[in-house]
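In the numbering used here, the protein residues as written are 166 to 504.
Set out below in structure tokens:
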């Protein structure tokens with residue numbers, strides 16, 4: 166009888182313990198499901214917000230007689246970089262600097278290898294326009310400047326103000342010397358300023374909440390699955406914030422507006438570094454850069470910048486081959502991140 170009571174007592178304890186374990190597992194699964202909902206929801210809001218802000222800012226720019234290349238580099242480049250600005254700033258304020266910095270580095274790599282690579286893979290010959298070496302030089306300077314800041318280990322002091330100042334000077338020179346009157350599409354002519362303003366407001370709301378959801382999801386997922394925030398920044402955050410660039414580039418290629426497509430890639434990469442990191446570090450006061458980024462990413466940034474120059478120079482000969490090489494390279498890069 167005593168043996169039976171002890172056995173029953175042990176059984177009850179083991180049952181209660183297994184019940185607690187089951188409850189803990191259910192809580193963990195529900196939290197993971199929350200992260201899996203927040204991340205795609207955040208990416209979707211960033212994609213829609215980026216798409217609307219690009220269309221509305223383009224319509225506004227054309228009504229103000231701004232040229233297609235300037236629209237690509239400055240207006241659309243800025244519009245498609247707003248998700249990066251929101252995510253980087255939100256991540257910095259949430260004390261997740263690795264997501265902020267990783268998102269910018271990863272986005273610049275994704276813009277060249279993934280976005281432009283995918284567009285080239287779907288293109289015919291002679292799709293790339295002639296582009297000013299000045300714009301490529303500014304992008305190269307921005308990339309080298311970012312690598313220098315990575316070697317310092319932080320962005321603070323006078324650097325954020327200088328980064329934003331450099332960007333404003335670049336915009337001024339672009340508008341001053343390279344602007345010609347564009348032609349308005351029929352749909353853009355029908356849009357009035359109130360419609361454009363409404364789209365812009367909706368876009369900013371979507372981008373604000375999208376960036377917040379994405380950061381919450383990535384930080385939570387990193388903690389639960391023990392994945393470094395830098396890796397999630399370089400991959401998921403980068404791909405998510407690069408969706409507007411992908412959308413604009415593909416539609417520009419389809420509509421045979423390749424100057425807008427290439428200008429968007431170059432402009433976005435410049436604005437990501439000088440604008441997004443500049444704003445994030447200025448708002449935060451100082452932005453730390455982990456030593457983890459120094460292992461591989463400086464070399465990848467330099468390699469992709471050189472690869473863009475090669476594409477601009479020789480890509481018209483067989484764009485699909487260049488696109489395939491770009492996509493394969495990006496796949497290898499993402500695979501290496503998770504090893």
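By construction, the Cβ of each residue, glycine as well, lies at the ideal position given by its N, Cα and C atoms.
Requested in this report: Flag this pair as yes or no: are the beta carbons of residue 497 and residue 411 separated by less than 7 Å?
Outcome: In this structure, residue 497 sits away from residue 411, with a CB-CB distance that is not shorter than 7 Å.
Query raised in the report: beta strand (DSSP E) containing residue 321: first to last residue?
Result: 319–321 is the extent of the beta strand (DSSP E) around residue 321.
Query raised in the report: Is the beta carbon of residue 311 less than 7 Å from the beta carbon of residue 438?
Result: Going by C-beta atoms, residue 311 is nearer than 7 Å to residue 438.
**Report entry** Length at least 4, wholly inside the segment 395–456: the alpha helix (DSSP H) runs in chain order
**Finding:** Runs of the alpha helix (DSSP H) inside the segment 395–456: 403–406, 408–419, 423–436, 443–449.
Report task. Compute the Euclidean distance between the alpha carbons of residue 338 and residue 435, then round it to the nearest angstrom. Result -> Those two C-alpha atoms are separated by around 14 Å.
Report task. Between the Cα of residue 487 and those of 259, 287, 266, spot the shortest distance and give me the residue it belongs to. Result -> Looking at 259, 287, 266, the one whose alpha-carbon comes closest to that of residue 487 is 287.
Requested in this report: Using a threshold of 7 Å, state whether the C-beta atoms of residue 284 and residue 414 are closer than that.
Outcome: In contact: residue 284 and residue 414 (Cβ atoms closer than 7 Å).
**Report entry** residue 480, DSSP secondary structure in three states
**Finding:** DSSP places residue 480 outside both helix and strand once states are collapsed to three, so it counts as coil.
Query raised in the report: Which one of 441, 361, 370 has the shortest CA to CA distance from residue 252?
Result: The residue with the shortest Cα to Cα distance from residue 252 is 441.
Query raised in the report: Under 7 Å between the Cβ atoms of residue 378 and residue 203?
Result: In contact: residue 378 and residue 203 (Cβ atoms closer than 7 Å).
Query raised in the report: How long is the line joining the alpha carbons of residue 332 and residue 479, rounded to whole angstroms?
Result: One alpha carbon belongs to residue 332, the other to residue 479, and they sit about 29 Å apart.
Query raised in the report: Excluding five sequence neighbours on each side, which residues of the same chain lie with their C-beta closer than 6 Å to the C-beta of residue 446?
Result: Excluding its 5 nearest sequence neighbours in each direction, residue 446 has C-beta neighbours in its own chain below 6 Å: 320, 325, 452, listed in chain order.
Query raised in the report: Taking Cβ positions, are residue 212 and residue 459 nearer each other than 7 Å?
Result: No, these two residues do not count as a Cβ contact at 7 Å.
Query raised in the report: With distances taken between CB atoms, is the gap from residue 469 to residue 264 smaller than 7 Å?
Result: Contact: no.
Query raised in the report: So, are the CB atoms of residue 221 and residue 364 less than 7 Å apart?
Result: Contact: yes.
Query raised in the report: Where does residue 330 sit, in a helix, a strand or coil, going by DSSP?
Result: In the displayed model, residue 330 falls within a helix according to three-state DSSP.
Query raised in the report: Taking Cβ to Cβ, would you say residue 394 is nearer than 7 Å to residue 387?
Result: Yes, they are a contact pair.
Query raised in the report: Based on Cα-Cα distance, which residue from 481, 494, 383, 477 lies nearest to residue 267?
Result: Of 481, 494, 383, 477, the residue nearest in Cα terms is 383.
**Report entry** Selection from 381, 206, 477, 392 that minimises the alpha carbon distance to residue 255
**Finding:** Of the candidates 381, 206, 477, 392, the one whose C-alpha sits nearest the C-alpha of residue 255 is 381.
Query raised in the report: What's the gap between the Cα of residue 257 and the Cα of residue 398?
Result: The alpha-carbon atoms of residue 257 and residue 398 are separated by roughly 12 Å.
Query raised in the report: Exposed or buried, what is residue 242 when buried is set at 16 or more other beta-carbons lying within 10 Å of its beta-carbon?
Result: Buried is the call here.
Requested in this report: Check whether the Cβ atoms of residue 552 and residue 368 sit closer than 7 Å, and answer yes or no.
Outcome: Any question about residue 552 goes unanswered here, given that the chain covers just 166 to 504.
Requested in this report: Give the secondary structure of residue 499 by DSSP, where H, G and I count as helix, E and B as strand, and everything else as coil.
Outcome: Correct three-state label for residue 499: helix.
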